[in-house]
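Per my numbering, the very first residue in the sequence shown carries number 512; after that it's consecutive. Yeah, the Cβ is synthetic: ideal placement off N, Cα and C, and Gly gets one too. Because the structure is a prediction, the values reported are computed rather than measured.
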Amino acid sequence: MIKADFVLLVSCVDRKGLVAAIANCIASQDCNIVQNSQYGDATTGRFFMRLSFAAPQGMTVERFEAAFKPVAAGWDIDWKVHDLNVKQRVLIMVSQGGHCLNDLLYRTSTGYLPMDVTSVVSNHRTWERRCEHEGIPFHHLPVTPDNKAEQEAALLALIEEQQVDLIVLARYMQVLSDEICTRLEGRVINIHHSFLPGFKGAKPYHRAYERGVKMVGATAHYVTADLDEGPIIAQDASNVDHADTVEDLIAQGQENESRVLTRAVKAHCEHRVMLNNLRTVVFK
512 MIKADFVLLV SCVDRKGLVA AIANCIASQD CNIVQNSQYG DATTGRFFMR
562 LSFAAPQGMT VERFEAAFKP VAAGWDIDWK VHDLNVKQRV LIMVSQGGHC
612 LNDLLYRTST GYLPMDVTSV VSNHRTWERR CEHEGIPFHH LPVTPDNKAE
662 QEAALLALIE EQQVDLIVLA RYMQVLSDEI CTRLEGRVIN IHHSFLPGFK
712 GAKPYHRAYE RGVKMVGATA HYVTADLDEG PIIAQDASNV DHADTVEDLI
762 AQGQENESRV LTRAVKAHCE HRVMLNNLRT VVFK
């Protein structure tokens, strides 16, 4: 199979001839389309496409952009081209639950996740030695009501210094301020159990158990100023029954969270996620 070198993401009003215009531009640069996924939203009339292509030696993002700009302008396209040889730089934030962090680190070490972990930030020291073992910088930024603004400023400084592309909240149990959510919009992914909004706050699995739920799940989404209401990237669930204990529900919930967060991060790092107002288009 031919290896793709670049990915082009396209979003615009759906019109006849659009795909042909894009394909002709790619062919004119001696590039070969490897995979093409597209979706037309009948409700909004928007067209979305993810197109990966192999390129001749010497092709760069800048060179492709220069050739594609006239097409983009003519069709009023929102677009972005990505070099697949450049891994996403990811900063992970975690509190005391390490199941998602461990899965992300393992999947990164095997190459399943095309990303480089620049550092791990936590409001606790629980996973400091784990990160040291992996050779990953660890930053302890404890948060209190009095120092929240100061610690968020320190976080932003780390993000800029490390040239971070994506921030992953791997069970980070602090609420980011509206200001930082807005500033980092589209660059922060969060994971939480899918009992919201029914079981908010502390010990949701205990309250779900008391109500006799028959399913536990997880949701990964982009972070916005609206708490836990950002565009959803991935979800999954597993069945439980009357014989399962609270501990069983928690264990299943942690497995779901790890699986769903990794799926969402992988989709983002492979440039398969596109925003469609409050929803997302996630290409396989």
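- A straight-line Cα-Cα distance of about 54 Å links A532 and D759.
- Every alpha helix (DSSP H) stretch that sits fully inside the stretch 673-737 and reaches 4 residues is listed by chain position as 689-694, 715-721.
- Taking 8 Å as the cut-off, the Cβ atoms of S563 and A515 count as close.
- CA-CA distance, A745 to I678, rounds to 16 Å.
- L680 is not a Cβ neighbour of I647, given a cutoff of 8 Å.
- Spatial neighbours of E645 in its own chain (CB-CB distance under 7 Å, excluding positions within 5 residues in sequence) are listed in chain order as L616.
- Each of I670, D552, L624 was checked against the Cα of R790, and the nearest Cα belongs to D552.
- Pairwise C-beta distances place the stretch 584-593 in contact with the stretch 517-527, as three or more of them are shorter than 8 Å.
- Between the alpha carbons of H704 and L602 lies a distance of about 21 Å.
- Shown here, G551 sits in a strand according to DSSP, grouped into three states.
- Excluding its 5 nearest sequence neighbours in each direction, Y683 has C-beta neighbours in its own chain below 6 Å: M604, V605, S606, listed in chain order.
- Scanning the stretch 566-641 for uninterrupted alpha helix (DSSP H) segments of 4 residues or longer gives 572-586, 610-620, listed from N- to C-terminal end.
- By the 16-neighbour rule on beta-carbons within 10 angstroms, Q674 is exposed.
- Membership of C536 in the alpha helix (DSSP H) is indicated by the continuous run 529-539.
- According to the DSSP assignment, R790 belongs to the beta strand (DSSP E) that extends over 790-793.
- Excluding its 5 nearest sequence neighbours in each direction, V771 has C-beta neighbours in its own chain below 6 Å: A729, A731, A745, D747, listed in chain order.
- Spanning the alpha carbons of E766 and R636 requires a straight line of approximately 23 Å.
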